[in-house]
Amino acid sequence: MGADGPALCDLPRQRLEDMAVAGAQILECYRLLGKTGGNVVAEVLRGQGEFYEWDHYPKGDVYDPETHAQYYYHAHPVSLRGGEHGHFHTFLRSRGMPADISPAPVADQREPREEGDALSHLIAISMDAHGRPVRLFTTNRWVTGEVWYRAADVIRMLDQFRMDLAYPSLPTNIWISAMIRLFRPEIEALIEARDAAMAAHHRPGGDAEAFEDHSLEVVSVLDISVDRQIGRVHAALGAPGDG
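Taking the working numbering, the leading residue of the sequence shown gets 365, the next gets one more, and so forth.
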């Protein structure tokens, strides 16, 4: 994977066209929110009171009971942020997963008490101080307390991530759904790199220790630019890019 992510020229035209539509949706969200000086992060923080490190925003997360997609925004202490303001974590609950998908056979899997509440972490989106995305990353299991699924299965889950809600913000929900689609090749590559890195991360205690190793938090990461990605998509489609 290059600095800009995987090459796009070999993708099916239908996938590229969907990515182009997603890019246009993202820009439209920026246009609408920009008219009142807003952004997708400010939308989820609005009305939530003082912004505390580690807390989930909005409170209780955002969960779509039809698609079973879920996300929240939070920030680490300034010393641990690496220049970001905070990041979105995106998930799919087991009720929204294809029926033939099951957790990976790794040690010390902890299923939630309530059936259907198992979460798979899809991708995290780092945001800058202006509310724009700057990188994508995957995490070790302990970070979000997820149930671990194989990379191939997590990639299949990406099709199911759709936030079809007005709460807490329709533009932010459209934006986060479109981000998964615009950066689909990059997200797939990061999820595959996650599994490869975990397989190589041998610990004396085996799988259980590796997945709970707090020295390994971010497993794979890629810097991104919405404008650059839209330009790459248009170039792959043989049309003029937007920048």
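All C-beta atoms in this analysis are idealised placements derived from N, C-alpha and C, irrespective of residue type, glycine included. Computed from a predicted model, the values in this text were never measured in an experiment.
| Item | Value |
| --- | --- |
| Cβ-based burial, Trp418 [other Cβ within 10 Å; buried from 16] | exposed |
| Leu534 versus Val408 - alpha carbon distance | 10 Å |
| Reduced DSSP secondary structure (H/G/I, E/B, other) of Tyr435 | strand |
| Contact belief for Thr454 with Ile540 at Cβ below 8 Å, rounded distance in angstroms | 7 Å |
| Close Cβ partners of Gly605 (< 6 Å) along its chain, the five nearest in sequence each way excluded | With a pLDDT of 47 at Gly605, under the threshold of 50, the modelled position of that residue is not reliable, and no figure is offered here. |
| Where Cys373 falls, given that 16 or more other Cβ within 10 Å makes a residue buried | exposed |
| Unbroken beta strand (DSSP E) run spanning Ser484, endpoints | Leu483 to Met491 |
| Range covered by the beta strand (DSSP E) that runs through Pro422 | Tyr421 to Tyr427 |
| Rounded straight-line distance, which links the Cα of Ala574 to that of Ala468 | 14 Å |
| DSSP beta-bridge partners of Phe525 | None, per the DSSP bridge assignment. |
| One or two residues paired with Thr503 in a DSSP bridge | Val582 |
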